[in-house]
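Q:
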Amino acid sequence: MTERQALIGAGIAHIMLFAALSLGWEWSQQPLLPADEMIPIEFVDIANAPRIKEAPRQSMQAAPQENSAPAAPAATAPPEPDTVPDGVPPLEKTKEVPKKAEAPLAEAKPLDMSKLSNLIDKALPKSRTRPLDVSKLATTIEAAAPKGATIDPRSAATIAQAIRAQVAPCWNPPIGGADVRRMTVLIRADFSRDGRLIGVPVIVSQTGVTIGNADYSRAFAETARRALLRCSPLKLPIKQYELWKSAEINFDPESMT
Amino acid sequence: MRVLFIAAMLVATPALAAPIRVDINSGIAQPLPVAVPGFAATAVQSTEAGSTAELGGRIAQVIANDLKSSGLFRPIDPQAYTTTVGAADVTRPQFANWRTIAAQALVTGNVTVNADGNITVGCYAYDVFSAEELTRQGFVTTAAGWRRAAHKCADLVYSRLTGESGYFDSRIVYVSETGPRTRRIKRLAVMDQDGAGHRFLTQGQNLVLTPRFAPNQQTITYMSFEGNRPRVWLYTLGSGRQQAIGEFPNMSFAPRFSPDGSNLIFSMAVGGNTDVYRMDIATRRLSRLTTQPGIDTAPSYSPDGSRIVFESDRGGSQQLYIMAADGTGQQRISFGEGRAATPVWSPRGDLIAFTRLGGGRFSIGVMRPDGGGERLLTNAYQDEGPTWSPNGRVILFFRSARGGPVDLWSVDLSGQNERKVPTPLDGSDPAWSPLLP
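Protein sequences appear in the order of chains A and B. Letter 68 of the first sequence, counting from 1, is numbered 75 in my numbering, and no numbers are missing. Letter 213 of the second sequence, counting from 1, is numbered 223 in my numbering, and no numbers are missing.
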């Protein structure tokens, strides 16, 4: 009985093996047709997308073709010394700023002093690199004014930190691109009191742009703009709205490569 | 007093409300979430490749797969879409619907049957958060050519969002392998970059090795043992014609085209010395480029055709060397630990990919043409035979498992995004075509 089963099994196995082999043989003997010529493809223009109304007008200005334009808008350009009115305090006076700033520091109880000094230290060298620091000038002026005290460097540093902490996770730069190491983009954004962007962020300036990398620099700048759009609204202290209603954010992937 | 007055005025002037300055020095490196809904059929019509509605769905899938395979995009699962795309939405997308699923880019389009039976595939890309159109292009092809239209659309989107040229509308030629180690059957095979449209070019009676595309993508050069005489051959796609490049008495191998397609460079063994030769394809005139004792092989042109990188054991072990296209100025460029073989110049010109042999392993590495900046991109048991994507961002190679299968794999230039390329059988010796026209 078992022998018969085994025989039947072996018979079936043989038939299957034979079938498989003959199929395989037939398959491998199929004449090969020559591979097709490439199917041709032609490029054509297609229907215009109507101008999208949803986006505010600024979006058109932000079209990144202008990336290479080095000129910064007037509002962000450092004031020329000779255009400053006569009465503005002479430059030496700006050196008093850090001293004056110490007074409010003592009142700010909940703030972690050590961290703050770090922030200030970080912020200071950067501001020194600018030809003439507008914010410092404003502080100076304010210090001279009777009521003053709305702009102060530590608050500014804290706000900058808050913006950085919220925007960086939204920024997805094209890492590994041809020229990523040497590229930065400065974006100007205006915010409403609830932290939402007003309009579309504008590209102020960009470094690392060459004739050969126009497409890449455009894509790079757009990732920065997209980061701000995605992160909106930012959560920032409304009390200090004057400090952050307008921001210039420099995107530099130096720590990523 | 006057000072104070002016200062107070200035504070009140909005122009002086200087924007706060923020420096962002790092972001996240994550694939970009992109929505690729089925392309709309302007009118549901049937074609030889299916209805326009079906084509629209398949085109979107091919685009999504292409983008995903790059590792730079994350197509969102269509199940999450809150809306489909009708014909009117293609040029007027409902951005709010795409924002809710956190898509950052939207790729959409339409399929139209033309009067002559061809199809036009319209391809549109949008930035979802700024609600802006990024790019658009129409592609006219036969209904059977819908895949090429989809790859072209994916290339358009890739290049617009990354700023680099695409590589999806391209093909791969490789050696398909089957059978036991001792009686391996090797056949030339060609397929689209994504594995579609696979077909065998040779029957497998003769062993074939190292197929390489001509710049026009219509000719393939390879080495075949036909008639037990290992020689360099040419295969013409379309006609299927195969011809040996010459009746050399000696073994010729490791062929490659020059960037302008007019010359072949390859190795030939003459009198116990293997050197690199160049052949003018039109005149069949042969020039010898190297003369040193030892094996000089695996030559590859720089993209401008001015230089050649090759491997040689003239110094005692396999290393990479560079010379001018006429054979002058030969100079060793690889000095790291172990040996270096099978160099291939990047289509961008800035890097050379090669196989690093050492420590019982083969790995894929890249270095600059001056030999600096060496990096290993893979770390497996045996990875070899690199070939570049047309944009120089991805490297394809073959990986042999210990006593196991041999497969095609890809890795990007940063060493990330390792992927197995699907082939029906085992695969080795891949070569990537240039971007198709």
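Even glycine gets a Cβ: it sits at the ideal position worked out from N, Cα and C.
Just how far apart, CA to CA, sit Asp202 (chain B) and Glu58 (chain B)?
A: Taking the second sequence and counting its residues from 1, one reaches residue 202 (chain B) at position 192. Taking the second sequence and counting its residues from 1, one reaches residue 58 (chain B) at position 48. The alpha-carbon atoms of Asp202 (chain B) and Glu58 (chain B) are separated by roughly 20 Å.
Q: Closer than 7 Å to a non-hydrogen atom of the ligand GTP - does that hold for the CB of Tyr311 (chain B)?
A: The ligand GTP is not part of this structure, which contains no ligands at all.
Q: Using a Cβ-Cβ cut-off of 6 Å (strictly less than) and excluding sequence neighbours within five positions of Gly346 (chain B), which residues of its own chain qualify?
A: Walking along the second sequence from the start, residue 346 (chain B) turns up at place 336. If we look at Gly346 (chain B) and ignore the five residues flanking it on each side, its Cβ neighbours are Glu384.
Q: Under a CB-based cut-off of 8 Å, is Ile53 (chain A) close to chain B?
A: Looking up residue 53 (chain A) in the first sequence gives position 46. Output row for Ile53 (chain A): interface = yes.
Q: Once you ignore the five residues that flank Glu143 (chain B) on each side, which residues in its own chain have a CB closer than 6 Å to its CB?
A: Indexing the second sequence from 1 puts residue 143 (chain B) at position 133. Counting only Cβ-Cβ distances below 6 Å, and skipping sequence neighbours, we find Tyr136.
Q: Check each residue of the segment 137-154 of chain B: if its Cβ is closer than 7 Å to any Cβ of chain A, include it; give the result in chain order.
A: Asp137, Phe139, Ser140, Ala141, Glu142, Glu143, Arg146, Gln147, Gly148, Phe149, Val150, Thr151, Thr152 and Ala154
Q: Would the segment 225-232 of chain A count as touching the segment 171-179 of chain B if we require 3 or more Cβ pairs under 8 Å?
A: Result yes; three or more Cβ-Cβ pairs closer than 8 Å.
Q: Along the alpha helix (DSSP H) that carries Leu77 (chain B), what are the first and last residues, could you check?
A: Translated into the one-based positions of the second sequence, residue 77 (chain B) becomes position 67. Unbroken alpha helix (DSSP H) run through Leu77 (chain B): Thr62 to Ser79.
Q: Closer than 9 Å between beta carbons: that is the criterion. Which residues of the segment 271-298 of chain B meet it against chain A?
A: none
Q: Taking beta-carbon pairs under 8 Å, can you tell me which members of the segment 385-402 of chain B lie near chain A?
A: none
Q: With 8 Å as the threshold, decide whether the Cβ of Phe4 (chain A) is near any Cβ in chain B.
A: Nothing about residue 4 (chain A) can be reported from this structure: the residues present for chain A run from 8 to 264 only.
Q: Give me, in chain order, the residues of the same chain whose beta-carbon lies closer than 6 Å to that of Ser443 (chain B); leave out the 5 immediate sequence neighbours on both sides.
A: The residue labelled residue 443 (chain B) in the question sits at position 433 within the second sequence. Cβ within range, chain order: Ser180, Arg181, Phe223 and Gln227.
Q: Less than 8 Å between the beta carbons of Leu387 (chain B) and Ile405 (chain B), yes or no?
A: As a first step, residue 387 (chain B) is located in the second sequence; it is residue number 377 there, counting from the start. As a first step, residue 405 (chain B) is located in the second sequence; it is residue number 395 there, counting from the start. The Cβ-Cβ distance between Leu387 (chain B) and Ile405 (chain B) falls below 8 Å.
Q: Who are Gly132 (chain B)'s beta bridge partners in DSSP?
A: Locating residue 132 (chain B) in the second sequence gives position 122, where the first residue counts as 1. In the DSSP secondary-structure assignment, Gly132 (chain B) is bridged to B:Asn120 and B:Gly148.
Q: Judging by CA-CA distance, which residue of B:Asp336, B:Pro41, B:Val117 and B:Pro303 is the nearest neighbour of Ser297 (chain B)?
A: Here residue 297 (chain B) refers to the residue found at position 287 when the second sequence is read from its first residue. With distances taken between CA atoms, Ser297 (chain B) lies nearest to B:Asp336 out of B:Asp336, B:Pro41, B:Val117 and B:Pro303.
Q: Note down, in chain order, each residue of its chain lying with its Cβ closer than 7 Å to the Cβ of Thr212 (chain B), except the 5 sequence neighbours on either side.
A: Residue 212 (chain B) sits at position 202 when you count from the first residue of the second sequence. Within the same chain, Thr212 (chain B) has close Cβ partners Arg197, Leu198 and Val218.
Q: Between Leu42 (chain B) and chain A, is the shortest Cβ-Cβ distance under 8 Å, so that the two count as touching?
A: As a working mapping, residue 42 (chain B) is identified with position 32 in the second sequence. Judged by the 8 Å Cβ criterion, Leu42 (chain B) is in contact with chain A.
Q: Suppose you measure from the CA of Ser316 (chain B) to the CA of Ala98 (chain B); what does that come to, to the nearest Å?
A: Translated into positions along the second sequence, residue 316 (chain B) becomes position 306. Translated into positions along the second sequence, residue 98 (chain B) becomes position 88. Cα to Cα, Ser316 (chain B) sits roughly 52 Å from Ala98 (chain B).
Q: Between which residues of its own chain and Glu240 (chain A) is the CB-CB distance below 6 Å, once the five residues before and five after are set aside?
A: Along the first sequence, one-based indexing puts residue 240 (chain A) at 233. A small correction: the amino acid at residue 240 (chain A) is Pro; Glu does not occupy that position in the sequence shown. So the qualifying residues of the chain are Asp201, Gly202 and Arg203.
Q: Using a Cβ-Cβ distance cut-off of 8 Å, determine whether Val268 (chain A) contacts chain B.
A: With chain A represented from 8 up to 264, any question about residue 268 (chain A) goes unanswered, as that position is not in the structure.
Q: Counting only beta-carbon separations shorter than 8 Å, does Ile30 (chain B) have a partner in chain A?
A: Within the second sequence, residue 30 (chain B) is the residue found at index 20, counting from 1. Cβ-Cβ to chain A under 8 Å: yes for Ile30 (chain B).
Q: May I have the straight-line CA-CA distance separating Cys163 (chain B) from Gln426 (chain B), to the nearest angstrom?
A: Start at 1 with the first residue of the second sequence, and residue 163 (chain B) comes out as number 153. Start at 1 with the first residue of the second sequence, and residue 426 (chain B) comes out as number 416. Cα to Cα, the separation comes out at about 24 Å.
Q: DSSP three-state label for Tyr168 (chain B), please.
A: For this step, residue 168 (chain B) is matched to residue 158 along the second sequence. Three-state DSSP puts Tyr168 (chain B) in a helix.
Q: Are the segment 144-161 of chain B and the segment 366-382 of chain B in contact at 8 Å, needing three or more beta carbon pairs?
A: no
Q: Do Ser327 (chain B) and Arg349 (chain B) have their C-beta atoms within less than 8 Å of each other?
A: For the purposes of this step, residue 327 (chain B) is taken as the residue at position 317 of the second sequence. For the purposes of this step, residue 349 (chain B) is taken as the residue at position 339 of the second sequence. Result yes, Cβ atoms of Ser327 (chain B) and Arg349 (chain B) sit closer than 8 Å.
Q: From Lys430 (chain B) to Ala141 (chain B), what distance separates their C-alpha atoms?
A: In the second sequence, the residue the question calls residue 430 (chain B) occupies position 420. In the second sequence, the residue the question calls residue 141 (chain B) occupies position 131. In a straight line, the C-alpha of Lys430 (chain B) is about 36 Å away from that of Ala141 (chain B).
Q: Between which residues of its own chain and Pro103 (chain B) is the CB-CB distance below 7 Å, once the five residues before and five after are set aside?
A: As a working note, residue 103 (chain B) is residue 93 in the second sequence. Cβ within range, chain order: Leu116, Thr118 and Tyr136.
Q: Do Ile30 (chain B) and Ala254 (chain A) come within 8 Å of each other at the CB atom, strictly closer than that value?
A: Locating residue 254 (chain A) in the first sequence gives position 247, where the first residue counts as 1. Locating residue 30 (chain B) in the second sequence gives position 20, where the first residue counts as 1. Yes, Cβ-Cβ distance for Ala254 (chain A) and Ile30 (chain B) is below 8 Å.
Q: Please report the distance separating the alpha-carbon of Asn124 (chain B) from that of Thr130 (chain B).
A: Along the second sequence, read from residue 1 onward, the residue named residue 124 (chain B) stands at position 114. Along the second sequence, read from residue 1 onward, the residue named residue 130 (chain B) stands at position 120. About 7 Å.
Q: Grab me the residues of Pro396 (chain B)'s own chain with a C-beta within less than 8 Å of its C-beta, minus the 5 sequence neighbours each way, in chain order.
A: In the second sequence, residue 396 (chain B) corresponds to position 386, counting from 1. Here the set comprises Thr352, Val354, Ala363, Phe364, Thr365, Ile374, Ile405, Leu406 and Phe407.
Q: Compare the C-beta of Ile166 (chain A) with all C-beta atoms of chain B and state if any pair is closer than 8 Å.
A: In the first sequence, counting from the first residue as 1, residue 166 (chain A) sits at position 159. Taking Cβ atoms only, chain B reaches closer than 8 Å to Ile166 (chain A), which makes this a yes.
Q: Using a threshold of 8 Å, state whether the C-beta atoms of Arg146 (chain B) and Ile53 (chain A) are closer than that.
A: For the purposes of this step, residue 146 (chain B) is identified with residue 136 of the second sequence, where counting begins at 1. For the purposes of this step, residue 53 (chain A) is identified with residue 46 of the first sequence, where counting begins at 1. Cβ atoms of Arg146 (chain B) and Ile53 (chain A): closer than 8 Å.
Q: Flag Glu174 (chain B) as yes if its beta-carbon sits less than 8 Å from any beta-carbon of chain A, otherwise no.
A: Here residue 174 (chain B) refers to the residue found at position 164 when the second sequence is read from its first residue. Yes, contact with chain A.
Q: When the cut-off is 8 Å and only beta carbons count, does Asp33 (chain B) lie next to chain A?
A: Position 23 of the second sequence, counted from the start, is the residue given in the question as residue 33 (chain B). Yes, Asp33 (chain B) lies at the interface with chain A (some Cβ there is under 8 Å from its Cβ).
Q: Could you work out which residue in A:Ser199, A:Leu235, A:Asp222 and A:Asp159 is closest to Leu193 (chain A) when comparing CA atoms only?
A: As a working note, residue 193 (chain A) is residue 186 in the first sequence. Of the listed residues, the one whose Cα sits closest to Leu193 (chain A) is A:Leu235.
Q: How would you list, in chain order, the residues of chain E whose beta-carbon sits under 9 Å from the beta-carbon of Phe50 (chain A)?
A: In summary, chain E is missing from the structure at hand, where the protein chains are A and B.
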